[in-house]
Structure formats: structure tokens, C-alpha cells
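Have a look at the structure below before the remarks.
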Amino acid sequence: MRLLLRIACFTLLAFFATTLNSLDPGILTPENARVPGIVRAPAADSGACRNIHKAVCQKKGVTRDPTGTVRPDIEGEIQALRAYEEIIRAHPDWTSEQVDEELVRAIYTPKARARLQSAFEWVRKNLEKQIQRQPDGVFTQAHKQALRRRIQRTVLELPPPMSVYADEPELFTKNDVFYERLQDGRLRLRVGGAYILSAKSWFNFIFTLAHELAHAIDPCELRSEGLAIPAYDRLSECFLANGLIASREYRTECGSHDQLSETFADWIAARVAADALRAFATEFEVPALKAAITNSVRDLCEQDDPQSELDTQFHPAPEIRIDRIFGRNPQIRTLLGCAPPTGGPEYCNFTPALPERASRLER
Amino acid sequence: MSLKNTARIPLRLAAFLGIPLGLLAACANVPRASSPQGLHAFDPQEVLSDSQVEINYTLGHNVPRRMLIEAKDREILASTFVDHRKLAEERIESPRYPEFLQKASDFIAKMTRVPASEGPGCRTPFTITVRVKASIQKLQGCRMSEDGGLSRLVKEGEFLLYSKK
Numbered sequence: 003m004r005l006l007l008r009i010a011c012f013t014l015l016a017f018f019a020t021t022l023n024s025l026d027p028g029i030l031t032p033e034n035a036r037v038p039g040i041v042r043a044p045a046a047d048s049g050a051c052r053n054i055h056k057a058v059c060q061k062k063g064v065t066r067d068p069t070g071t072v073r074p075d076i077e078g079e080i081q082a083l084r085a086y087e088e089i090i091r092a093h094p095d096w097t098s099e100q101v102d103e104e105l106v107r108a109i110y111t112p113k114a115r116a117r118l119q120s121a122f123e124w125v126r127k128n129l130e131k132q133i134q135r136q137p138d139g140v141f142t143q144a145h146k147q148a149l150r151r152r153i154q155r156t157v158l159e160l161p162p163p164m165s166v167y168a169d170e171p172e173l174f175t176k177n178d179v180f181y182e183r184l185q186d187g188r189l190r191l192r193v194g195g196a197y198i199l200s201a202k203s204w205f206n207f208i209f210t211l212a213h214e215l216a217h218a219i220d221p222c223e224l225r226s227e228g229l230a231i232p233a234y235d236r237l238s239e240c241f242l243a244n245g246l247i248a249s250r251e252y253r254t255e256c257g258s259h260d261q262l263s264e265t266f267a268d269w270i271a272a273r274v275a276a277d278a279l280r281a282f283a284t285e286f287e288v289p290a291l292k293a294a295i296t297n298s299v300r301d302l303c304e305q306d307d308p309q310s311e312l313d314t315q316f317h318p319a320p321e322i323r324i325d326r327i328f329g330r331n332p333q334i335r336t337l338l339g340c341a342p343p344t345g346g347p348e349y350c351n352f353t354p355a356l357p358e359r360a361s362r363l364e365r
Numbered sequence: 003m004s005l006k007n008t009a010r011i012p013l014r015l016a017a018f019l020g021i022p023l024g025l026l027a028a029c030a031n032v033p034r035a036s037s038p039q040g041l042h043a044f045d046p047q048e049v050l051s052d053s054q055v056e057i058n059y060t061l062g063h064n065v066p067r068r069m070l071i072e073a074k075d076r077e078i079l080a081s082t083f084v085d086h087r088k089l090a091e092e093r094i095e096s097p098r099y100p101e102f103l104q105k106a107s108d109f110i111a112k113m114t115r116v117p118a119s120e121g122p123g124c125r126t127p128f129t130i131t132v133r134v135k136a137s138i139q140k141l142q143g144c145r146m147s148e149d150g151g152l153s154r155l156v157k158e159g160e161f162l163l164y165s166k167k
């Protein structure tokens, strides 16, 4: 009888956990969202597997996974500007700085900051592990140390107080998240206030923060620091050969019209997101798992506006980012229940130098 | 006619013409009234009559942004766009608009003196244009090579737009 009661209690708890997930987006981390004991292998969906960009981007408006929602970028910005306007109306005698301070308190709440910080720490640790895992033929110990140091030096800067973004105060109402290297050598990530309003999915945080943190070790950043890693050269060649970097007559590597940095950042972010999805989402119901995968890259889709005109000077087109960089990552495909893509080149990876590769083949 | 003859001007006439001519010449050479940075200062009445400040820029993402504040016959219209979509548009009555335009103009003048830095392609380019009647100042630059002046200008423009004053 006691055993039956315990099973009943457990089932009820699991039911409420799932219900709470859907009613209260934005609060949960993957640990809270996990429904223990349910393991489902997703069935392959050949349509989605053939065109992951279409599968991710076809649904318009808000998309939801057990950890939160992702809304179109413009909605987050409109919401931020409305909040800004309301504060100004409520306090017509306030200065611009006072209004910003209040806006920052309203948007960068302790809860929002904590979620971003925890996602950032998870990404940082995962990226360090990925570097450490590489064999000596890919990264020497010195390379690993240099890369890890750059990752560790990168700080996630979040207000309040609003003076944290004193040199970029317009960021409070913008959707942008970006990495910066300052002239004094400091490395930092910053998060626009509108992003916090438009993205509540933990998996979107992971992909976005992983993309930005990856810039701390992207080929162009390393080059500007005088670091040369042969495995990076091989990876860059693979990106070019696979059409993941637009090959342009007027392109200069790491200069104008070059997509190398952004392609690298997407490629790293796909690996980190795949690890996060594998770690936390494999115990979701199948639709929830697919929603989590979708939300990881949902904001890379073209926005729902015919006037929208994305600039592809530095970023690959959304289709390449979602379908070919993210969607062809072998782990992502496994999670989606998709077979490896038929035909076409092998997915790019860090590879050791040729002689070691040859000797590995011989064994 | 000899040079000597033509050069002969009655002293009284010379005095009569010379003093005002001299004054005119002197006035023409007096530097225009300057703003604290030692740059050109606009007449607020001219600014309110026909002027415009336009800022086009990109932040971390590859999405174009635009802020436009125009004044015509003392009517001021402010609007912001993201990815060509209008986010907000308001009529503002702002005694602060001429001051805002002056700051934008001073920013252009200051940045124009800073030599462009060599380096990889700029990922966060901006263009700022200030027009007062037929006088146009324009600057194209990179956010990474300036100290946040553009961001503060954009913020101030947003404050004008939403405070409407």
C-alpha cells in the first residue's frame, strides 16, 4: 500500500512539474524541467531532417520549450521601449540617467541575471572541456592553455547598476548580445535588455552565449593576438570547402566581407548546444525535445517582416547557419532522430595534422 | 591716365569709406560663436526651422538600425527603425532638440579629427548626418574606434523621442 502511495505521489509530482513548465516559462532551468523516468527516442521525421532551417523557422511568433519561450526580436525591443516610455511618463521630471537606472532594475532582475550567469558558467565549463578533450595532434598543451585562458578572461557584464553599460546605454532597449575585446585587452560579453525580454529559453541562452564566448577564441581573434594554431587553419579550409563561408572575390580573411569568425562561432555554439541538449533534454517528451532544439537557434531565423534585409557581410545566411552549421552537427541530428545527410561533404571538425592522421588510419 | 592719378583718392572719401569697410573686413574675420568644444554653433531658430539628424548603425547583430529626427517650421518628428521596420514615431516639442543637434554636430567634428585606425573590417559601422538648411555634415565610422559617444547620442535621441520634450 505504501509503495502504491509513493508511486502515486511521484506520478502526481511529475504531472505537476510538467504543467508548471508550460504555465510559467522563464523560471526553469533544465534541471527543473526534466521529467525523470521518461526516455523517448524521437522517430525520424524525414521532412524536417532534409531541411532543418524550414523545420525551425516555419512556425511564426512565439515558440515554447519546457524551459521557456523565444519571441521574435522585434517584440522584445517593442516591449523594452514601452517599459522605457512608461517610466518616463510616470516620472516626467527624471533625468535620462534616472530613467535608465529604473529601466535596468525592471529588466535585469536578479532572476534574469542569475539565469544568464548560470548559462554562461555552463557554457564556459563546457567549452573548456571541449578544448581539453582534443588530442595532442589537434591542440598542444600550450594551445589548450592559451585558449582556456582567453575563455576564462572573458567576463559577462550585466547591469545594474546602469553605469556598467555607461559607454553603451542604448543597449538597455536592444536585442543584441555581443563579445568585445577592448583596447586595454579586456574581453567581455554584453546582453541587450530586449534580449532578456524576448528570449527565456535556457537552450537559447546556451547557444547565444556559446556563440559569443566562442568569439574569444575565434580564428580572427587569435590572429590579432599573434596566436597560430594549425588545426584552426584546417578547420577554416573545411568551412570554405563546404560553403559555410561565402567565397567572395573581394573577401579578405578576417577582414571585410569575411564570414570566418561568425561561422566558427556558430560551429562552436552548435557543439555546446548539442552537449546541453544531450545532457538535459533527452528525458523530455519528443515534442519538448524538438522544441528545445528549435528554440536553441530560433532567433537566427529571418524575422517575420517582408522589409527585413539581413546583412550577410559577416554572418552567413540563416539557412546556412541553421541547416548546415547547426543542423548537420552529428549530435544534433542524432537528437532529432535524423540519419547523417546523404551525399555532400563530411561535417567539419578539428583534425590532427596529416602524418598523425595517416598513421591512425594505418592502425 | 597715370597710376599716380588713379591712385589719388580724397582723404575724406577714404576716411568715409575706409572705416566701415575696415569694420566689415574685421567682422568677416571674427570667428563664429563657438560651443564649448570650440566647434561651430548653430542658431537654434535655424535648427527649428529646417534641420535633420540621422544616425544609421549596426550593433552586434547584422541588423541595420536608424534614428531620424527632423525639424521643419518648428515641428519636430522623431522616429526609430530596426531592420527597416519603424519601431516608434512621435512629434516632439523639444527645446532640447537644438541642443541635441549641436551635440551630434560636435561629435562629427570631433571624430573627423581622429585618424581612422587600420584593422579588420568594421563589424559595427555607423553613419551620422546633420543637416541645417543646406549645410550638411556627415561622418562614417566604426563604433569600436570611439569611446561611446555615438551610443550616448542615440540614447539621448531615444529620451527625446519618448519624453516628447
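As they're listed, the protein sequences go chains Y and F.
Number 88 in my numbering belongs to position 86 of the first sequence; there are no gaps in the numbering.
Number 31 in my numbering belongs to position 29 of the second sequence; there are no gaps in the numbering.
All C-beta atoms in this analysis are idealised placements derived from N, C-alpha and C, irrespective of residue type, glycine included.
Because the structure is a prediction, the values reported are computed rather than measured.
Residue closest to residue i, alpha-carbon to alpha-carbon, out of the options
| i | options | result |
| --- | --- | --- |
| Y/HIS317 | F/THR60, F/HIS42, F/PRO46, F/LEU89 | F/THR60 |
| Y/ASP268 | Y/PHE282, Y/ILE247, Y/ILE198 | Y/ILE247 |
| Y/THR296 | Y/GLN261, Y/CYS51, Y/GLU103 | Y/CYS51 |
| Y/CYS303 | Y/ARG152, Y/SER120, Y/ASN206, Y/VAL288 | Y/ASN206 |
| Y/ALA283 | Y/ASP260, Y/ALA85, Y/LEU338 | Y/LEU338 |
| F/SER153 | F/ARG67, F/ILE78, F/GLU77 | F/ARG67 |
| Y/ILE219 | Y/ILE133, Y/GLN143, Y/GLY195 | Y/ILE133 |
| Y/GLN154 | Y/LYS176, Y/PRO137, Y/LYS131, Y/VAL166 | Y/LYS131 |
| F/GLU160 | Y/PRO137, Y/ARG253, Y/GLU87 | Y/GLU87 |
| Y/PRO232 | Y/LEU279, Y/GLY187, Y/ALA144 | Y/ALA144 |
| F/LEU79 | F/PHE109, F/TYR99, F/ARG87 | F/TYR99 |
| F/LEU103 | F/LEU162, F/LYS112, F/GLN47, F/VAL55 | F/VAL55 |
| F/LYS74 | F/ALA90, F/THR114, F/PRO46, F/LEU89 | F/PRO46 |
| Y/CYS59 | Y/HIS217, Y/ASP178, Y/GLN305, Y/PHE286 | Y/GLN305 |
Enclosing beta strand (DSSP E) for residue i [first to last residue]
| i | result |
| --- | --- |
| F/ASN58 | 52-60 |
| Y/ASP67 | 65-67 |
| F/GLY2 | The structure shown does not extend to residue 2 of chain F, since chain F spans only 3 to 167, so no value can be given for it. |
| F/MET69 | 66-74 |
| F/GLN90 | According to the sequence shown, residue 90 of chain F is Ala rather than Gln. First-last of the beta strand (DSSP E) with F/ALA90: 87-94. |
| Y/PRO221 | Run containing Y/PRO221: none in the beta strand (DSSP E); it sits in the alpha helix (DSSP H), 221-226. |
With 16 other Cβ atoms within 10 Å as the buried cut-off, status of residue i
| i | result |
| --- | --- |
| Y/GLU227 | exposed |
| Y/PRO94 | exposed |
| Y/LYS62 | exposed |
| F/ALA28 | Bear in mind that a pLDDT of 41 at F/ALA28, under 50, signals an unreliable position, so the number given afterwards is only what the model happens to contain. F/ALA28 is exposed by the Cβ-count criterion. |
| F/LYS135 | exposed |
| Y/LEU173 | buried |
| Y/ASP325 | buried |
| Y/GLU170 | buried |
| F/ALA2 | This structure gives no information on residue 2 of chain F, because the portion of chain F shown stretches from 3 to 167. |
| Y/SER298 | buried |
| Y/PRO342 | exposed |
| Y/GLY49 | exposed |
| Y/SER238 | buried |
| Y/MET3 | exposed |
| Y/GLY187 | exposed |
| Y/PRO354 | buried |
| Y/ALA43 | Confidence at Y/ALA43 is low in this model, with a pLDDT of 48, below 50, so its placement is unreliable and the value that follows should be read with caution. Answer is exposed; the Cβ neighbour count stays below 16. |
| F/VAL156 | buried |
| Y/ALA92 | exposed |
Closer than 7 Å at the beta carbon, the chain F residues around residue i
| i | result |
| --- | --- |
| Y/LEU158 | Going along chain F, no residue has its Cβ under 7 Å from Y/LEU158, so there is no contact; the nearest lies around 14 Å. |
| Y/PRO2 | Chain Y is shown only over 3 to 365; residue 2 of chain Y falls outside these bounds and no answer can be derived. |
| Y/ILE133 | Ordered by position in chain F, no residue passes the 7 Å Cβ test against Y/ILE133, which lies about 24 Å from the chain. |
| Y/LYS176 | LEU61 |
| Y/HIS317 | ASN64 |
| Y/LEU189 | Under the 7 Å cutoff, chain F gives no residues; its nearest Cβ is about 13 Å from Y/LEU189. |
Residue i beta carbon near the ligand HEM (any heavy atom closer than 7 Å)
| i | result |
| --- | --- |
| Y/MET164 | The ligand HEM is not part of the structure shown, which contains no ligands of any sort. |
Neighbour list for residue i in chain Y, Cβ cutoff strictly below 8 Å
| i | result |
| --- | --- |
| F/ASP75 | Result: empty, since nearest Cβ-Cβ is about 26 Å, beyond 8 Å. |
Contacts that residue i makes with chain F (C-beta to C-beta distance below 8 Å)
| i | result |
| --- | --- |
| Y/HIS55 | In chain order: nothing, as chain F lies at least about 17 Å away. |
| Y/GLN87 | It should be pointed out that residue 87 of chain Y corresponds to Glu in this sequence rather than to Gln. Simply TYR164. |
| Y/HIS213 | Neighbours of Y/HIS213 on chain F: none; closest Cβ ~10 Å, over 8 Å. |
| Y/PRO90 | It is Ile, not Pro, that sits at residue 90 of chain Y in the sequence shown. Those within 8 Å of Y/ILE90 in chain F are PHE161, TYR164, SER165. |
Residue interval of the alpha helix (DSSP H) (run including residue i)
| i | result |
| --- | --- |
| F/LEU155 | 151-165 |
| Y/LEU291 | 288-299 |
| Y/ILE133 | 112-135 |
| Y/LEU262 | 262-282 |
| Y/VAL58 | 54-59 |
Chain-ordered chain F contacts of residue i [CB-CB under 9 Å]
| i | result |
| --- | --- |
| Y/GLU79 | VAL84, LEU89 |
| Y/VAL101 | PHE161, TYR164, SER165 |
Listed by chain order, chain Y residues near residue i by CB distance under 7 Å
| i | result |
| --- | --- |
| F/ASP149 | ASP169 |
| F/ARG125 | PHE316 |
Any contact between the segment 61-70 of chain Y and the segment 199-210 of chain Y? By contact I mean 3 or more CB pairs, one from each, below 8 Å.
As far as the Cβ criterion goes, the segment 61-70 of chain Y touches the segment 199-210 of chain Y, which means the pair count is three or higher.
With three or more beta-carbon pairs closer than 8 Å as the criterion, would you say the segment 155-166 of chain Y touches the segment 97-116 of chain Y?
Cβ pair count under 8 Å is three or more, so yes.
Inspect the CB distances between the segment 179-190 of chain Y and the segment 242-261 of chain Y and report whether three or more fall short of 8 Å.
Contact between the segment 179-190 of chain Y and the segment 242-261 of chain Y is not established, with fewer than three Cβ pairs separated by less than 8 Å.
Touching or not, the segment 138-146 of chain F and the segment 123-130 of chain F, by the rule of three or more beta carbon pairs under 8 Å?
The segment 138-146 of chain F makes contact with the segment 123-130 of chain F; the number of CB pairs closer than 8 Å reaches 3 or more.
For the segment 208-216 of chain Y against the segment 259-278 of chain Y, are there 3 or more C-beta pairs whose distance is under 8 Å?
Judged by Cβ distances under 8 Å, the segment 208-216 of chain Y makes contact with the segment 259-278 of chain Y, as three or more pairs qualify.
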